[in-house]
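Q:
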Amino acid sequence: MHLKGIKKWIFILAGVLLLGFLGLKLFLYWVEAAPPAVEDKSALDWERQTINDSTFQVKNNFLQKNEFGMWEMYLEGSPFERGVAGGMLSKELLDYQEYAFASGIDEKVPGGFYQYLLKLFIAWFDKDLPEYVPEEYQKEIYGYSLFAADEYDYIGQKYHRKLNYHAAHDIGHALQNMGLVAGCTAVAAWDQNSIDSNLIIGRNFDFYVGDAFAKNKIILFMQPDEGIPFGMVTWPGFMGAVSGLNMKGISVTLNAAPNKIPEAIKMPVALLAREILQYASTIEEAKAVAQKHPTFVSELFLIGSADENRVELIEKTPDTTLFYTQEDYMVVSNHFQSPFLKENETNL
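Taking this note's numbering, the leading residue of the sequence shown gets 93, the next gets one more, and so forth.
(1) Would TRP282 count as contacting chain C if we go by Cβ distances under 8 Å?
(2) Roughly how far, in whole angstroms, is the beta-carbon of GLY329 from the beta-carbon of TYR236, given that I think they are within contact range, below 8 Å?
(3) As an exercise, report each continuous beta strand (DSSP E) stretch of at least 3 residues that is fully enclosed by the segment 140 to 185, in chain order.
(4) Since ALA349 contacts ASN426 with CB under 8 Å, what's their CB separation in whole angstroms?
(5) Where does GLU223 sit, in a helix, a strand or coil, going by DSSP?
(6) According to DSSP, simplified to helix, strand and coil, what is GLN315?
(7) Can you name the start and end residues of the alpha helix (DSSP H) that VAL361 belongs to?
(8) By alpha-carbon positions, which one of ARG366, ILE293 and ILE263 ends up nearest to PHE313?
(9) Run the CB neighbour count on ASN158, radius 10 Å, all protein chains shown included, and call it buried at 16 or more, exposed below.
(10) Just to check my reading of the structure: ALA278 and LEU291 have Cβ atoms closer than 8 Å, yes? What is that Cβ distance to the nearest angstrom?
(11) Under 8 Å: do the segment 322 to 337 and the segment 379 to 387 share three or more Cβ pairs, one atom per stretch?
(12) Judging by CA-CA distance, which residue of GLU391, ILE375, PHE393 and THR409 is the nearest neighbour of ARG402?
(13) For ALA324, does the count of other Cβ atoms within 10 angstroms reach 16, so buried, or fall short, so exposed?
(14) In terms of residue numbering, what span does the beta strand (DSSP E) encompassing LYS379 cover?
(15) Going by DSSP, name the residue or residues bridged to LEU392.
(16) Please report the straight-line C-alpha distance between ASN351 and ILE263, rounded to a whole angstrom.
(17) Give the secondary structure of ALA356 by DSSP, where H, G and I count as helix, E and B as strand, and everything else as coil.
(18) Mapping DSSP to helix, strand and coil, what is PHE459?
(19) Which residues in the same chain have their Cβ closer than 7 Å to the Cβ of LEU414, if we skip the five residues on either side of it in sequence?
(20) Considering only residues of the same chain and omitting the five flanking positions on each side of MET359, which have a CB-CB separation below 6 Å?
(21) I believe PHE305 touches ALA192 by the beta-carbon criterion, under 8 Å. Please report the beta-carbon distance rounded to the nearest angstrom.
(22) State the DSSP-derived secondary structure class of ASN338, mapped to helix, strand or coil.
(23) Determine the closest residue to PRO171 out of ALA129, ILE293, ASN144 and SER335, with distance taken between C-alpha atoms.
(24) Considering only the alpha carbon of each residue, which of VAL150, ILE214, TRP163 and MET165 lies closest to GLU355?
(25) Looking only at C-alpha atoms, which of GLY319, LEU155, GLY336 and ASP218 sits nearest to LEU183?
(26) Am I right that TRP282 and ASP420 are in contact with their C-beta atoms under 8 Å? What's the rounded C-beta distance?
(27) How would you write the range of the alpha helix (DSSP H) that ASN256 sits in, first residue to last?
(28) Given this structure, state the Cα-to-Cα distance separating ARG253 from LYS231, to the nearest angstrom.
(29) Pull up the DSSP beta-bridge partners for TYR416, would you.
(30) Under the three-state reduction of DSSP, which class applies to PHE305: helix, strand or coil?
(31) Name the DSSP bridge partner or partners of ASN296?
(32) Check the C-beta distance from GLY319 over to TYR371 and give it rounded, since I have them as a contact under 8 Å.
(33) Which residue comes first and which comes last in the beta strand (DSSP E) that contains GLY323?
(34) What's the C-alpha gap between ILE311 and ASP303?
(35) Per DSSP, which residues does ILE310 bridge with? Please list them.
(36) In this structure, what does DSSP give as the bridge partners for MET422?
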């Protein structure tokens with residue numbers, strides 16, 4: 093082949109690569125979630141007051157470090173107001189959390205090329221995520237995202253990536269069967285198996301993205317303008333619940349269940365648990381919330397009720413929602429226990 097012909101093919105190859113690169117850029121732009129519409133953004137005019145190096149206040153909302161070295165946060169108001177107040181209060185923690193998360197990904201997925209492929213896959217897989225996240229929680233996440241760091245915009249625009257982070261818990265659970273992620277366990281006892289007959293629940297939480305990511309967990313107390321006040325353990329900017337208790341005595345903890353590789357995005361399980369905390373005052377109401385929303389991974393929701401003095405396990409897969417209970421105790425690992433799902437091939 094003559095030199096002239098070689099140059100021609102080089103130019104053609106370069107053009108194809110350039111068009112492909114521009115196409116991927118347009119694809120990423122197309123699938124990025126647009127922020128929800130918020131009519132009243134006056135909360136952005138609020139200012140944070142610094143009481144000391146570990147106590148901050150915005151209106152009635154506050155963030156403080158307690159005597160045990162744990163961060164405590166209180167948020168109230170409308171969804172957007174709660175998000176803005178949370179972002180203002182925890183700006184530094186929010187920056188550090190994203191640094192820790194991005195560093196954890198760097199360790200698990202080294203190399204810019206593989207991370208770009210991962211970004212493309214998640215962008216495609218999560219493209220319909222806004223359809224499955226209640227508008228209330230989208231507004232809350234949007235308020236938080238306005239205080240996200242610019243340096244991580246290469247991952248995605250602020251609201252889009254903060255929304256997508258809420259599905260990371262599910263993706264981790266989907267990998268659980270591959271031995272890459274440890275699973276949580278829980279135990280509950282009441283009646284004759286409890287010293288005073290009252291319900292007691294304990295659980296451990298295994299979701300590891302490095303020591304840095306685990307450093308700044310927050311005990312969040314929320315009084316929403318709609319629903320039941322509740323408390324939950326979370327991280328800066330994360331509005332889902334993995335462990336929580338509301339003022340009606342309903343508790344929720346999550347445990348991964350046997351999963352197949354998910355086929356399509358649905359509601360993240362932590363946001364489903366959050367909705368149970370905020371809107372359920374009985375186990376039956378919690379079950380109704382769980383049945384209302386499809387999820388894209390299998391999950392076990394251990395629901396406790398102080399008033400009813402018992403627990404019930406919600407066993408949820410992308411295809412079905414079942415319930416399981418025992419007389420006076422419950423042990424939950426990462427397996428289905430109800431008769432129908434117990435013999436499931438993946439469970440076995």
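No residue lacks a Cβ here, since even glycine has one placed at the ideal position from N, Cα and C.
A: The relevant details are as follows:
(1) Absent from the structure is chain C; it holds one protein chain and no more.
(2) 5 Å
(3) 141 to 144, 147 to 150, 153 to 157 and 163 to 169
(4) 6 Å
(5) helix
(6) strand
(7) 361 to 371
(8) ARG366
(9) exposed
(10) Contact doesn't hold; Cβ gap of about 13 Å is too wide.
(11) no
(12) ILE375
(13) Checking the sequence, you will find Met at residue 324 rather than Ala. MET324 is buried by the Cβ-count criterion.
(14) Premise fails: LYS379 lies in the alpha helix (DSSP H), 375 to 384, not in any beta strand (DSSP E).
(15) ASN347 and GLU407
(16) 10 Å
(17) coil
(18) Outside the displayed span of the chain (93 to 440) sits residue 459, for which this structure offers no information.
(19) GLU407, SER430, PHE432 and LEU433
(20) TYR224, HIS385 and THR387
(21) 4 Å
(22) strand
(23) ALA129
(24) ILE214
(25) Checking the displayed sequence, the identity of residue 183 turns out to be Lys instead of Leu. Looking at the Cα atoms, LEU155 is the closest of the given residues.
(26) 6 Å
(27) 250 to 257
(28) 14 Å
(29) LEU405
(30) coil
(31) THR277
(32) 5 Å
(33) 322 to 326
(34) 18 Å
(35) TRP163 and THR326
(36) ALA280
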